[in-house]
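**Student:** Residue numbers (the numbering used here): 4 to 245.
Think of the CB as a built atom: it goes at the ideal place given N, C-alpha and C, for glycine as much as any other residue.
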Ligand SMILES: [Zn+2]
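#1: Give the secondary structure of residue 149 by DSSP, where H, G and I count as helix, E and B as strand, and everything else as coil.
#2: Quick one: using the 10 Å Cβ neighbour count with 16 as the cut-off for buried, is residue 8 buried or exposed?
#3: Just to confirm, is the Cβ distance from residue 67 to residue 111 under 7 Å?
#4: Taking a contact to mean a Cβ-Cβ separation below 7 Å, would you say residue 114 touches residue 75 in this structure?
#5: Assign residue 148 to buried or exposed, taking buried as 16 or more other Cβ atoms, counted over all protein chains shown, within 10 Å of its Cβ.
#6: Can you check which of these residues, 123, 91, 58 and 15, is closest to residue 84 by C-alpha distance?
#7: Going by C-alpha distance, which of 86, 28 and 46 is nearest residue 135?
#8: Assign residue 166 to one of two classes, buried (16 or more other C-beta atoms within 10 Å of its C-beta) or exposed (fewer than that).
#9: Please confirm whether residue 149 has its beta-carbon closer than 7 Å to some beta-carbon of chain C.
#10: Taking the C-alpha atoms as reference points, what is the distance between residue 198 and residue 106?
#11: Looking at the secondary structure, which residues open and close the beta strand (DSSP E) in which residue 32 lies?
#12: Just the Cα atoms here: how many angstroms apart are residue 43 and residue 99?
#13: Out of curiosity, what's the CA-to-CA distance linking residue 48 and residue 21?
#14: Beta carbon of residue 19, beta carbon of residue 70: below 7 Å?
#15: For residue 97, name the three-state secondary structure that DSSP assigns.
#16: Under 7 Å between the Cβ atoms of residue 129 and residue 54?
#17: Return helix, strand or coil for residue 176, following the three-state DSSP convention.
#18: Taking the beta carbon of residue 104 as the centre, do at least 16 other beta carbons fall within 10 Å, making it buried, or is it exposed?
#19: Could you give the residue range of the alpha helix (DSSP H) that holds residue 118?
#20: What is the rounded straight-line gap between the Cα of residue 82 and the Cα of residue 93?
#21: Rounding to the nearest angstrom, what Cα-Cα distance links residue 141 and residue 40 in this structure?
#22: My understanding is that residue 159 touches residue 122, with C-beta atoms under 8 Å, so please give their C-beta distance in whole angstroms.
#23: Quick one: using the 10 Å Cβ neighbour count with 16 as the cut-off for buried, is residue 95 buried or exposed?
#24: Confirm the yes/no value for this check: CB of residue 91, any heavy atom of ligand 1, distance under 6 Å.
#25: Would residue 155 be called buried (16 or more neighbouring beta carbons within 10 Å of its own) or exposed?
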């Protein structure tokens with residue numbers, strides 16, 4: 004690790020310590036479902052659009068129905084996050100012993116929770132990092148998990164993730180009636196559209212080139228002059244094709 008990286012890491016840990024120590028230097032307290040959360044206005048405002056709008060100029064004690072906890076909360080303070088669970092850590096939704104949790108259901112669920120928290124609190128940097136992480140996870144994830152991520156990407160308006168997942172679902176070969184059990188009908192229609200487009204593209208790639216003996220087109224690509232020798236058909240080819 005370079006000395007610059009080391010110094011950035013230590014600065015980030017200083018902020019994280021503020022979170023861990025809770026009340027120290029806190030200037031706002033949120034009451035979240037009966038529990039008190041001590042926080043620091045300027046840190047929340049710097050990273051979260053939600054807190055920038057919500058807590059500026061308001062009293063020291065505010066009621067909230069939700070608060071970013073876990074990874075989203077740590078990211079607010081430290082600007083750093085690991086979106087995948089610790090390898091071998093026992094996790095819900097992962098029965099596999101010794102799993103590295105790189106793309107299992109548990110890892111996907113954790114990333115989706117982080118994405119939802121990032122979007123709902125307006126922490127765009129975290130949303131982008133999570134989107135990137137999910138894009139690489141889905142390449143190896145089960146098709147059920149890919150469909151789950153596809154729906155989340157639609158809900159959260161994450162276009163890159165939508166594109167990646169919709170192509171994976173299209174390539175899965177699952178028939179529309181099976182897709183319809185997991186996805187809304189308009190999403191199934193979009194997947195079918197993709198399949199049609201890619202089969203047309205494949206057909207044009209697979210199409211054999213014209214035999215070498217075939218004669219060149221009579222008129223090639225030219226605009227119709229409208230002269231007496233131009234038949235109406237040739238004129239229209241020239242205008243449309245060039
Ligand atoms: Zn796992």
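**Tutor:** Based on what the coordinates show:
#1: Locating residue 149 in the chain shown gives position 146, counting from the first residue. Helix, per DSSP.
#2: On the chain shown, residue 8 is found 5 positions in, with the first residue counted as 1. The residue is exposed, with fewer than 16 neighbouring Cβ atoms inside 10 Å.
#3: Mapped onto the chain shown, residue 67 falls at position 64. Mapped onto the chain shown, residue 111 falls at position 108. The answer is no: Cβ separation not under 7 Å.
#4: Working through the chain shown from its first residue, we reach residue 114 at position 111. Working through the chain shown from its first residue, we reach residue 75 at position 72. The answer is no: Cβ separation not under 7 Å.
#5: By 1-based counting over the chain shown, the position of residue 148 is 145. Answer is buried; the Cβ neighbour count reaches 16.
#6: Within the chain shown, numbered from 1, the residue matching residue 84 stands at position 81. Cα-wise, what sits closest to residue 84 is 15.
#7: Walking along the chain shown from the start, residue 135 turns up at place 132. Of the listed residues, the one whose Cα sits closest to residue 135 is 86.
#8: Position 163 of the chain shown holds residue 166. Its Cβ having fewer than 16 others within 10 Å, residue 166 is exposed.
#9: The displayed structure is made up of one protein chain only, and chain C is not part of it.
#10: As a working note, residue 198 is residue 195 in the chain shown. As a working note, residue 106 is residue 103 in the chain shown. If you take the alpha carbons of residue 198 and residue 106, they lie about 25 Å apart.
#11: As a position in the chain shown, residue 32 is number 29, starting the count at 1. Looking at the DSSP string, the run of the beta strand (DSSP E) that includes residue 32 is 31-35.
#12: Here residue 43 refers to the residue found at position 40 when the chain shown is read from its first residue. Here residue 99 refers to the residue found at position 96 when the chain shown is read from its first residue. Spanning the two alpha carbons is a distance of roughly 40 Å.
#13: As a first step, residue 48 must be located in the chain shown, where it is residue number 45. As a first step, residue 21 must be located in the chain shown, where it is residue number 18. Their Cα atoms are separated by approximately 15 Å.
#14: Looking up residue 19 in the chain shown gives position 16. Looking up residue 70 in the chain shown gives position 67. Not closer than 7 Å, so no.
#15: To locate residue 97, count along the chain shown from 1; it is residue 94. Residue state, collapsed to three classes: strand.
#16: Within the chain shown, numbered from 1, the residue matching residue 129 stands at position 126. Within the chain shown, numbered from 1, the residue matching residue 54 stands at position 51. Contact: no.
#17: For this step, residue 176 is matched to residue 173 along the chain shown. Residue 176: coil per DSSP, three-state reduction.
#18: The residue given as residue 104 occupies position 101 in the chain shown. Residue 104 is buried by the Cβ-count criterion.
#19: In the chain shown, the residue the question calls residue 118 occupies position 115. Residues 108-123.
#20: Translated into the one-based positions of the chain shown, residue 82 becomes position 79. Translated into the one-based positions of the chain shown, residue 93 becomes position 90. Taking the straight line joining both Cα atoms gives about 26 Å.
#21: Residue 141 sits at position 138 when you count from the first residue of the chain shown. Residue 40 sits at position 37 when you count from the first residue of the chain shown. Cα-Cα distance, rounded: 35 Å.
#22: Taking the first residue of the chain shown as 1, we reach residue 159 at position 156. Taking the first residue of the chain shown as 1, we reach residue 122 at position 119. 5 Å between Cβ atoms; contact.
#23: Here residue 95 is taken as the residue at index 92 of the chain shown, counted from 1. Residue 95 is exposed by the Cβ-count criterion.
#24: Position 88 of the chain shown, counted from the start, is the residue given in the question as residue 91. Because no heavy atom of ligand 1 lies under 6 Å away, the Cβ of residue 91 does not count as near it: no.
#25: On the chain shown, position 152 is the one that residue 155 refers to. Burial call: buried.
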